[in-house]
Structures are given as structure tokens and as C-alpha cells.
Amino acid sequence: MNLAIRDHKIFQMKAELENRKKMLCAKRKQLAKNERENTFLKGVVEDYDTYNKHLISQKKQQIF
Numbered sequence: 044m045n046l047a048i049r050d051h052k053i054f055q056m057k058a059e060l061e062n063r064k065k066m067l068c069a070k071r072k073q074l075a076k077n078e079r080e081n082t083f084l085k086g087v088v089e090d091y092d093t094y095n096k097h098l099i100s101q102k103k104q105q106i107f
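Using the working numbering, the first residue of the sequence shown is number 44, and each one after it goes up by one.
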């Protein structure tokens, strides 16, 4: 019984992770669209990209 509950929780967490990934991708696309319309956002987008790349490299180091 405990395994079934654990598996269900894992499934829920994977689904939530996938939903968050989709949400972040949609927000990133919206930010890129807004950047084209508003030049003041260019710095914000560059900062976000730098921060995002830094997080990705940290996560890769944790995995290896």
C-alpha cells in the first residue's frame, strides 16, 4: 500500500514539474515578445538569460 501512495505522489510531482516547465516556457516566449515591443526590457531579458544559464550549470554540476 505504501508503494502505491509513493508512486502516486511521484506521478503528481512529475506532472507538476511538467506544468511548471510549460508555464516558464510560455512566460519566456511572452517576455521575448514584449522585449520586441519595449526596448527597456532588453536588459531584463539579458539578466534573466544569464541567471538562467547560471542555474542550469549549477544543476548540471550537482548531477555529476
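Think of the CB as a built atom: it goes at the ideal place given N, C-alpha and C, for glycine as much as any other residue. The structure displayed is predicted, hence computed values, not measured ones.
Taking a contact to require three or more Cβ pairs closer than 8 Å, the region 70-79 and the region 88-95 qualify as touching.
Looking at the backbone, the Cα of Lys72 and that of Met66 are separated by about 10 Å. Boundaries for Asn81: no alpha helix (DSSP H) harbours it, and the DSSP string shows neither H nor E there. For the pair Lys103 and Thr82, the Cα-to-Cα distance works out to about 32 Å.
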